[in-house]
Every structure is written in C-alpha cells, then in structure tokens.
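>
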C-alpha cells in the first residue's frame with residue numbers, strides 16, 4: 001500500500017530500520033528564487049536509478065511529472081498526489097506532493113522542495129516529518145530558502161549545505177497604477193474576489209489576462225498559463241500560489257495587497273513571503289522587478305531592500321506533529337497526535353482538520369462501536385485524512401469521512417452506486433465560475449477516494465471516471481475565465497501598439513455607423529465633425545492610438561462637411577445649455593454675443609480636421625439656419641417693426657422692443673392714440689412693461705432666453721414649463737428673467753401678460769368702490785390662497801382684509817375686499833368736479849337763503865308722494881335666500 005501522511009504501518013517500519021541519521025549523503029540547496037535549485041534536483045533524481053521528489057503543490061508535481069516523462073518515458077515515471085495516482089508497474093521515478101510521498105518505496109534519491117514550509121503552522125508538520133525521516137538510499141536533497149539554515153544544521157547533523165545566488169537581479173520599482181503596469185506583469189491578490197475585480201479591470205483597460213489560483217485544477221491552470229505564455233494576453237492575475245515554483249515569463253510582479261487570511265485571521269505577509277512571490281519576476285538570466293499596485297500601500301524601504309538583497313531573519317521554530325502513532329484506540333491515537341515536541345526548535349502547529357475530524361468522530365457512539373481493532377483505528381484515521389477541498393465550514397466533511405469509514409469497515413469497500421451518484425452530482429459543466437470551482441473541489445474529493453485501492457473496487461475505472469469529469473469541468477472553467485477576462489481583439493490591438501513605432505503601421509477606418517476602429521478594435525466614434533474617444537480606452541499609448549484613429553478622419557471629415565451643408569434645417573438644434581449649435585448630436589459651433597441680440601455671432605469649434613474654407617462653409621450654413629429660426633419665431637416682432645417704418649412716433653418704441661427681444665420695462669408716456677395703434681400691431685402697453693404677448697409662448701420664450709443669455713454671457717435661465725403662469729422666486733436679482741417676461745410679485749414670479757391682464761381686470765372691478773375678491777383667483781395664479789394678498793400687494797392692488805364679526809353681530813364674515821385704487825379715487829374726484837350743483841326753478845317754496853331750489857345731481861330725485869322704488873327681485877341673486885325666509889315669517 002502506498003504511504004499516506006500519517007506515516008503509519010509499513011512506512012514507520014521502514015523509517016525505524018533505515019536509521020536516517022546514518023544515510024549516505026544529505027544535502028541542502030538553499031537560496032532565493034531563480035537559482036536553479038529545482039532544475040538541479042530533477043537532474044540528480046534522473047541521474048539515479050530511482051528517485052522520489054516531493055513538491056508543495058499538486059500543480060508543481062504535475063508540471064515536473066511531465067518534464068520527467070519527457071526525459072524517461074511514461075512507463076518509468078509515476079505521479080502521486082492526493083487526487084491523482086499514475087503509477088506504472090515498473091515506475092522508478094516519482095513526482096509527488098509532499099503529503100503523498102510513498103516513503104515505504106525504497107529509492108536511491110529523495111528530495112523535498114520548499115523545505116522552509118516546515119515553518120507553516122498548517123502544513124509545516126508534514127514538511128518537518130520529511131526533513132527528519134525521509135531519506136534516500138544514496139542521496140537526500142532538501143531545497144529551500146536560506147532562512148532555514150540554522151535549524152537545518154541543528155536538526156539534521158552532518159547535512160551539507162550549499163548556497164546558490166540568484167541568477168538575475170530583482171529590483172523594487174515602487175507603486176504603479178493597475179492600468180500603467182508594463183506588459184508581462186503578474187498581479188498578486190489574496191482572495192478570489194480581489195482576483196476577479198482586478199482581472200475585470202485589466203480586461204477593460206488592457207485587453208485581458210490569465211487567472212491562476214490554487215483552487216484550479218492542473219488542466220485549467222495549464223490552459224490559463226498557456227494564454228499567458230503564448231502571449232495571447234500580457235498580464236497574469238494570481239494568488240500567492242505562483243510563489244511556489246511556478247515558472248513563467250514574468251518580468252514584473254505587482255502586489256495588490258500585503259496581507260492574507262491564513263484560515264484564522266488576516267495577517268501581514270512576512271518579508272520572506274513577499275520575496276518568495278516577488279521572485280517569480282525574471283527567470284534565468286533575465287532581470288525582474290517588483291512593486292505595489294492599486295490601493296496597496298507602498299512597501300517599506302527596509303522590506304524592499306531585504307527582498308532585493310535576499311537577507312531575512314532566520315526561522316526560529318519548525319512546526320511538528322508526532323508521526324509515531326498509537327493505534328490502540330481512538331483516545332490513544334488522539335493522545336499520540338497531541339504529544340509535545342521532543343526537542344527545542346520544534347513546536348505544535350495549528351490544529352489540523354484531520355485531527356478535528358478524528359476528535360469529532362471519536363465521540364460518536366456508532367463510530368466507537370466499530371473501532372475495536374488496530375486495523376479499524378488505522379482505517380478511521382485514514383478516513384479522517386480525506387482533504388477538505390470544499391471548505392464548506394459545516395459538518396458536511398465530517399459526515400463524509402464517517403460514511404467512507406462505515407462503508408469500508410462494514411462492506412469492505414465504498415458502494416459503487418454511491419460513488420456513481422457522487423461523481424454524477426458534479427458532472428455538470430454549466431454554470432458560472434464559482435459554481436464550476438465548487439464542483440471541481442467536489443470532484444477532487446471523489447478522485448482522492450477513488451485513488452485508494454483499498455477503499456474501492458476497480459479503482460482504475462473510478463479514477464478514470466473522476467478524471468474525465470474533472471477534465472470537463474476544467475475545460476468549462478477555462479472557457480468561462482477566458483470569456484470573462486480576455487478580449488483577444490483588444491489584447492491584439494494593445495500588443496500592436498506596444499510593438500509599433502508609429503501610428504502609420506496601424507490600420508484605421510470609420511464604419512458606416514460612425515465608429516472609428518483601429519486594427520479592427522473600436523476606439524471611439526465620429527460625432528459632428530470631431531472624434532469622441534472611447535472613455536474606457538486607457539492604454540499607455542492612448543495618444544498613438546488616437547493619432548491612428550484621427551488619420552481615418554482625414555477623408556471622413558470632408559465628406560461630413562458636404563453632408564452638413566446640404567442638411568435640412570430640422571437636423572440642427574441648440575444645445576441644452578443654449579451655448580452651442582448641435583448637429584449629429586454633437587456641438588459644432590459656439591454662440592457669442594453680437595451687436596444685435598437677434599443676430600449673435602457664430603464661432604465654429606476648434607477642429608484640426610477643418611481648413612479655412614470648410615470652416616466658413618459650416619459657419620455660413622449655421623448662420624442661415626439661425627437667421628431662419630429667429631425670423632420664424634420672432635415673426636410678430638419683425639412684422640410690427642415693418643409696419644411702423646414710416647411712423648416716427650412709434651419707430652423708437654419698436655426699435656427698443658427689437659433690442660430687448662419683445663419686452664421693454666418703460667418707454668415713457670404714450671398717448672391713447674399711440675397705445676391703440678400699438679395694440680393693433682400686437683404690442684400691449686401695460687402698467688409694468690411694454691410687451692408683445694405672442695413672444696411669451698414657450699417656443700418663443702426658449703429662443704429669447706438663449707439670445708438673451710448669449711448676449712449677457714450667462715447660462716440660460718431655467719424656463720418654467722409650458723402653461724405655467726407663476727413660479728416660486730429663486731433669485732429675484734437674476735437679470736435675465738425680467739426681460740424674458742417674468743416679474744417678481746411677492747413670493748412668486750408672474751408671467752408678464754398674465755400679470756397685466758389680471759391687474760387691469762381687478763382695477764376695473766374696483767373702479768366704483770370696494771368689491772369682494774373674485775372667486776378662483778388662487779387657482780388662476782397657480783398659488784395657495786394665502787399667497788394671493790401678497791401677490792396683489794406687490795402689483796399695487798390694495799386689498800382690505802376680512803373684518804371679523806363683533807360679539808353682537810351674526811352672519812357670514814365679510815370677505816376680503818378689493819379696495820378703491822388710487823386710479824379709481826382720481827377718477828371719482830374728476831367726476832365730482834364735473835358734477836358741481838346747478839340752480840334750478842322748483843314749484844315748492846324757495847329756500848331760506850336764496851329762494852332757489854337746489855337740485856343735487858349726485859343723488860336721484862325722490863319719487864312723487866314719497867314712494868320708494870320697489871326692490872327688484874333677482875331669483876339667482878345673493879339675497880334670494882333671505883327673501884324666502886322673510887316671506888315665511890310674514
């Protein structure tokens with residue numbers, strides 16, 4: 001049986017009989033990354049007649065297995081990981097993960113890579129066990145960092161230590177934006193969420209990237225790396241999994257973070273860990289660089305220097321777990337696993353998942369009833385060591401281990417129906433990236449179980465079945481990653497830009513829809529007479545890209561000028577702010593104030609594609625359109641001016657109306673004859689201004705607002721909606737609203753024509769004395785009833801407030817009354833002067849003073865006989881109800 005990490009059974013027997021302290025030769029090759037340590041170990045392994053090498057990752061074991069197969073042939077090389085077992089009958093060289101090294105297999109050469117992982121609190125006990133006990137018959141080699149040197153000398157007496165310098169220089173470059181990273185860069189993040197976010201940004205800005213994470217299967221990882229190595233993309237986004245010997249053509253490593261979650265807490269990376277990852281930059285004799293990116297804080301100078309010079313504090317302790325286990329019972333097994341370290345420099349690590357699973361199952365009565373022999377306890381321990389690849393965070397994994405143990409101890413094997421149902425549940429290649437990665441984790445558990453020949457019948461068939469499903473999921477995951485994070489056309493364009501020395505080498509064109517493409521990739525669109533770049537285009541050579549795009553406009557812009565000059569008037573408009581003239585949904589000219597408000601100047605916007613002749617053609621076409629707009633909208637004003645050309649008395653008034661766009665605050669006194677003449681021309685002389693009501697309609701109001709704002713060099717004011725007669729006062733000092741025809745009236749602005757009409761109407765009502773306010777006045781003004789009095793007061797229309805009843809009075813409260821205006825009082829005085837008393841001759845006796853009767857024309861003469869004129873009954877009058885009550889009482 002092949003060995004497992006516990007070191008139980010035959011593995012322990014081999015260790016005891018081999019006395020590792022007297023092995024032929026034990027060597028340690030120490031140094032930073034890119035020193036050729038792994039290459040040397042593979043050469044030494046293949047130089048012996050047999051050999052075993054352990055790697056920290058399944059990906060590395062698979063990568064070096066393929067190298068060994070290329071050198072020795074598939075029949076002589078084995079691959080052993082937790083999930084994969086490829087062991088030909090005559091295999092002599094083994095590529096393994098450290099946990100799966102078959103130490104019961106005698107071999108001349110044994111090597112362990114990344115031996116400094118003895119200091120890892122989670123997996124370190126496995127590496128420490130191999131350091132103390134794994135030996136080759138002829139040669140043993142440990143590969144790792146210089147930081148383990150002191151403990152290596154203490155724990156492995158007689159070890160030969162060889163230091164190797166890095167083959168290339170590693171230089172710190174500081175921080176850099178993600179979008180400014182050079183090609184052939186690897187961006188390192190420490191969570192799947194960060195990896196996805198960064199990869200999405202790189203796709204949008206740089207064309208795409210490959211993604212490498214520890215959860216990927218070797219097939220998916222190799223496919224993603226092939227994207228990068230084959231230069232389909234120039235960027236790699238990865239977790240710290242790339243720090244463990246994955247060799248790729250990386251020139252620069254950028255850290256997107258300097259801390260990681262280690263399963264229990266978030267902790268900062270140690271300088272040695274930073275160096276391990278940064279060392280992926282620069283392979284062979286090619287120098288590399290490293291730095292930070294995104295929101296990652298800058299590396300402290302002392303850490304950057306330590307990484308560059310490869311000087312770090314030595315490791316002070318290695319993590320250890322007893323491998324000489326006691327299988328007398330579950331409690332004895334747990335006690336032996338928790339035995340304290342035997343020597344200084346060794347310490348217990350974090351509680352591993354296999355020990356926690358064993359502790360949980362050992363307390364289950366049904367499980368304890370089945371472990372009555374040493375074989376059963378060994379089987380239980382093997383079941384507890386099934387890796388928890390899914391990391392669901394609940395008891396699902398514990399129940400799985402219990403099920404496997406129960407099936408094997410009772411039935412001798414795992415039922416085929418159960419294996420089929422488990423594999424089939426994961427054999428679904430549809431879904432998103434996270435779903436596929438979850439299923440890959442599940443199928444890895446199935447592969448681990450299928451690889452145990454003592455657990456399943458026909459293990460080879462089940463391994464093949466699981467491998468097929470894993471390959472399907474891997475291919476689907478690669479497709480999803482590529483579809484989401486790679487834009488091959490954009491990546492090809494950016495690479496051409498990186499490689500080209502000028503824009504003349506790049507093909508550019510304008511499509512029929514106005515899109516500008518360079519090398520087949522859209523980089524913007526033509527709007528109006530200019531190029532609008534794509535805002536997502538943020539390539540470092542953006543200027544070169546746009547220069548190539550503009551070259552395509554050299555022939556396109558003359559064509560568009562011809563189209564513009566022949567366009568219908570309906571294709572032109574003002575911009576929303578009124579400052580520009582728009583064609584093809586883009587501004588092409590700016591309006592400037594001129595000597596005449598109705599004829600503003602037109603300035604064609606700066607455009608490198610237009611020559612002087614083309615610019616003048618565009619300006620003339622826009623000027624013709626604008627003149628027609630003004631003539632059509634302001635037609636009543638132009639007609640009135642033409643009608644008074646020969647009338648000197650009105651020519652000045654119309655000239656001022658033309659200057660002010662239809663509203664003039666004061667033109668001085670005008671005779672009734674001139675007022676009447678202006679009224680026939682559509683001009684109203686009101687109390688507040690002289691205006692042309694036709695120009696207060698919405699369409700004319702907008703054009704007048706644009707013309708007024710252009711002349712004043714101010715933004716166009718907010719124009720009330722069509723049909724509005726009043727709006728709240730925002731800024732009573734705004735100089736543009738009054739010329740537009742909106743006057744301040746207390747809490748609101750009133751449209752001038754409405755204010756004039758209402759003012760005249762109310763004054764006419766109160767011409768003979770106070771009268772009640774008319775009903776519905778607030779709704780006519782579009783205000784609350786309580787605001788009416790303030791508005792009328794601002795319009796100089798006096799209102800007498802409602803008088804409350806005295807205690808002795810009954811009946812309805814007197815309503816607010818329109819008081820007699822000053823105009824009405826003046827007219828009354830004039831009327832009284834015209835109706836002075838006149839002497840008349842009467843039949844009755846003369847008066848005592850003059851002997852003449854005086855007729856008072858201001859009062860009606862009494863009826864003969866002193867009779868009073870009968871009251872006229874109005875059925876619908878306000879006193880009709882009182883009349884009915886009076887009749888009932890009589």
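Numbering (the UniProt record's numbering), first residue to last: 1 to 890.
Even glycine gets a Cβ: it sits at the ideal position worked out from N, Cα and C.
Source: prediction; values computed, not measured.
#1: Enumerate, from N- to C-terminal direction, the unbroken beta strand (DSSP E) stretches of 3 or more residues contained entirely within the stretch 279–339.
#2: Report the partner residues of residue 416 according to the DSSP bridge assignment.
#3: Spatial neighbours of residue 667 within its chain, please: C-beta separation below 7 Å, excluding the five flanking residues on both sides.
#4: Within the chosen definition, does the stretch 165–184 reach the stretch 281–295 through at least 3 CB pairs nearer than 8 Å?
#5: Where do the N-terminal and C-terminal ends of the beta strand (DSSP E) with residue 141 fall, by residue?
#6: Report the partner residues of residue 163 according to the DSSP bridge assignment.
#7: At which residues does the beta strand (DSSP E) containing residue 187 begin and terminate?
#8: Thinking residue 232 and residue 491 are a contact (beta carbons under 8 Å), I'd like their distance in whole angstroms, please.
#9: Kindly indicate which residue of 465, 432, 444, 112 has the alpha-carbon position closest to the one of residue 477.
#10: Looking at C-alpha atoms only, which residue of 751, 104, 182 is the closest neighbour of residue 288?
#11: Between which two residues does the beta strand (DSSP E) harbouring residue 891 extend?
#12: When DSSP labels each residue in this structure, what does residue 85 get in the three-state scheme?
#13: To the nearest angstrom, how far is the alpha carbon of residue 396 from that of residue 403?
#14: Pull the bridge partners of residue 508 from the DSSP assignment, please.
#15: In the DSSP assignment, find the alpha helix (DSSP H) that holds residue 739 and state where it starts and stops.
#16: Nearest to residue 389 by CA position, among 243, 443, 352, 417, is which residue?
#17: Please state whether DSSP places residue 260 in a helix, a strand or coil.
#18: Pick helix, strand or coil for residue 389, following the three-state DSSP scheme.
#19: On the CB-based measure, 16 or more other CB atoms within 10 Å of its CB, does residue 225 come out buried or exposed?
#20: Once DSSP output is grouped into helix, strand and coil, what is the label at residue 681?
#21: Can you say whether residue 144 is buried or exposed, counting buried as having 16 or more other CB atoms within 10 angstroms of its CB?
#22: If we count the other Cβ atoms within 10 Å of its Cβ and call it buried at 16 or more, is residue 866 buried or exposed?
#23: Return the CA-CA distance between residue 101 and residue 211, expressed in angstroms with no decimal places.
#24: In whole angstroms, what separates the C-alpha of residue 341 from that of residue 201?
#25: Assuming residue 117 and residue 95 are in contact, meaning their beta carbons sit under 8 Å apart, how far apart are those beta carbons, in whole angstroms?
#26: Can you round the beta-carbon distance between residue 706 and residue 745 to whole angstroms, since I take them to be within the 8 Å contact cut?
#27: So for residue 602, helix, strand or coil by DSSP?
#28: Would you mind working out which of 347, 421, 72, 561 sits nearest residue 126, comparing C-alpha positions?
#29: On the criterion of 16 or more Cβ atoms from any shown chain inside 10 Å, does residue 344 qualify as buried, or is it exposed?
#30: Return helix, strand or coil for residue 627, following the three-state DSSP convention.
#31: Could you spell out where the beta strand (DSSP E) holding residue 171 opens and where it closes?
#32: What would DSSP say about residue 810, mapped onto helix, strand or coil?
#33: Does the pairing of the stretch 407–418 with the stretch 370–389 give three or more beta-carbon distances under 8 Å?
#34: For residue 209, name the three-state secondary structure that DSSP assigns.
#35: Scan the stretch 37–75 and note each continuous beta strand (DSSP E) run of 3 residues or more that stays entirely inside, going in chain order.
#36: Please report the straight-line C-alpha distance between residue 618 and residue 595, rounded to a whole angstrom.
The short version:
#1: 288–293, 318–320
#2: Its beta-bridge partners do not exist; DSSP assigns none.
#3: 653, 656, 690
#4: yes
#5: 139–144
#6: 30
#7: 185–188
#8: 7 Å
#9: 432
#10: 182
#11: The shown model of the chain, from 1 to 890, leaves out residue 891, and the question about it has no answer.
#12: strand
#13: 11 Å
#14: 518
#15: 737–740
#16: 443
#17: strand
#18: coil
#19: buried
#20: coil
#21: buried
#22: At residue 866 the pLDDT is 47, less than 50, meaning the model places this residue with poor confidence and gives no usable figure here.
#23: 29 Å
#24: 48 Å
#25: Incorrect: roughly 17 Å between the Cβ atoms, too far for contact.
#26: About 25 Å separates the two Cβ atoms, so there is no contact after all.
#27: strand
#28: 347
#29: exposed
#30: helix
#31: 170–176
#32: coil
#33: yes
#34: coil
#35: 51–55
#36: 22 Å
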